[in-house]
Amino acid sequence: MWKKVLLSTGLLACLTCPQFTSDAYTILMHQTDTNLNLTYPLVYLENETAQNKVNTEIAVYVDKMRDLYYNEKMYTVNLNYETTYEDDNYLSLLITSGWYNGKSAHGYYTSQGLVFDKHTGNLIPASNYVHLKDDEQLYKLVIEGMLPVFSSREHQLQYNEFMIPDKKIAIRYNNYVLLGEGKLAMLYQPYEISYYANGVTRIVFTPEKIEYINRLNK
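Heads up: the sequence shown runs through residues -21 to -1, 1 to 197, numbered per mature numbering (1 follows the signal peptide of the UniProt record, and there is no 0).
Structure (structure tokens):
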């Protein structure tokens, strides 16, 4: 739960229905130019060291998009974020970055999951929750239907929608989000395991599947 404030072109304005927690809030930062649109959070935590770590990590993605627009001269550049989960200990953000060079058939975009410990500011890997044996095992769990995969439009992918010729799916311990209710989702960019039209895909792990996988790999 967050207090959100919009900062745009030097003006500070409160969003409707602000929400609070006892130990954290954000300011919603917004930067625009002709074909540049960046929206990202500035996070405030009780622990200033943790706060600086979180904001420094977020700035990596913001600075990359600014560089694409101002230095690499991409035609359009955008960035936005979503808070997928938050409690007293953890903050899970989904950062989505998109760009178009003005020449290709379509633009491209990627999503990065960032799960922070709110007390330390450290990024928490998915291995904190689930322990997969290897890329081959993850592929098998997906193909056999144990782990569902969803498109960016929340469509569950069917067998014929996968593009995985080497029968391996890279384990994304460092690119995932928490979804609440004990669920997490590893993220895969367009073309990594499915067609561009399916966007950034998510392999979803429920608490029951996490428990099964962890017992299997003890």
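Glycine residues also receive a C-beta, built at the ideal position from the N, C-alpha and C atoms. In this text the structure is predicted, and so the values were computed from the model without any measurement.
* Going by the beta-carbon positions, is the gap between TYR64 and LEU166 smaller than 8 angstroms? -> no
* Sub-8 angstroms separation of GLY81 and TYR54 beta-carbons -> yes
* Asked: Taking just the CA atoms, how far does TYR174 sit from ALA84?
  -> 15 angstroms
* State the Cα-Cα distance for the pair CYS(-8) and VAL183, rounded to the nearest angstrom. => Because CYS(-8) sits at a pLDDT of 33, beneath the cut-off of 50, its placement in the model cannot be relied upon, and the following sentence gives the value as read from the coordinates. Distance between the alpha carbons of CYS(-8) and VAL183: 35 angstroms.
* If you draw a straight line from the alpha carbon of LEU120 to that of SER106, how long is it in whole angstroms? -> 17 angstroms
* To do: Might you give, ordered along the chain, the residues of its own chain that have their beta carbon closer than 8 angstroms to the beta carbon of GLU61, omitting 5 neighbours on each side?
  => LEU72, LEU73, THR75
* Asked: Given that a residue counts as buried once 16 or more other Cβ atoms are within 10 Å of its Cβ, and exposed if not, what is ASN57?
  -> buried
* Taking buried to mean at least 16 other C-beta atoms within 10 Å of its own C-beta, is LYS112 buried or exposed? -> exposed
* Which residues does DSSP pair with ARG181 in a beta bridge? -> PHE129, LEU166
* Asked: If we cut at 8 angstroms on Cβ distances, does LYS119 have a partner in chain B?
  -> This model lacks chain B altogether, as it is built from one protein chain only.
* To do: Following the continuous beta strand (DSSP E) through ILE6, name the residue where it begins and the one where it ends.
  => 3 to 12
* To do: Can you grab the Cα-Cα spacing for the pair VAL41 / LEU17, in whole Å?
  => 7 angstroms
* How many Å lie between TYR108 and VAL179 at the Cα? -> 22 angstroms
* Three-state class that DSSP yields for ASP145 in the structure shown -> coil
* To do: Quick one: using the 10 Å Cβ neighbour count with 16 as the cut-off for buried, is LEU47 buried or exposed?
  => buried
* To the nearest angstrom, report how far apart GLN30 and TYR118 are at their CA atoms. => 37 angstroms
* **Three-way DSSP call (helix, strand, coil) for GLN116 in this model** => helix
* With DSSP run on the structure shown, which of helix, strand or coil describes THR62? -> strand
* Straight-line CA distance for GLU51 to GLU123? -> 43 angstroms
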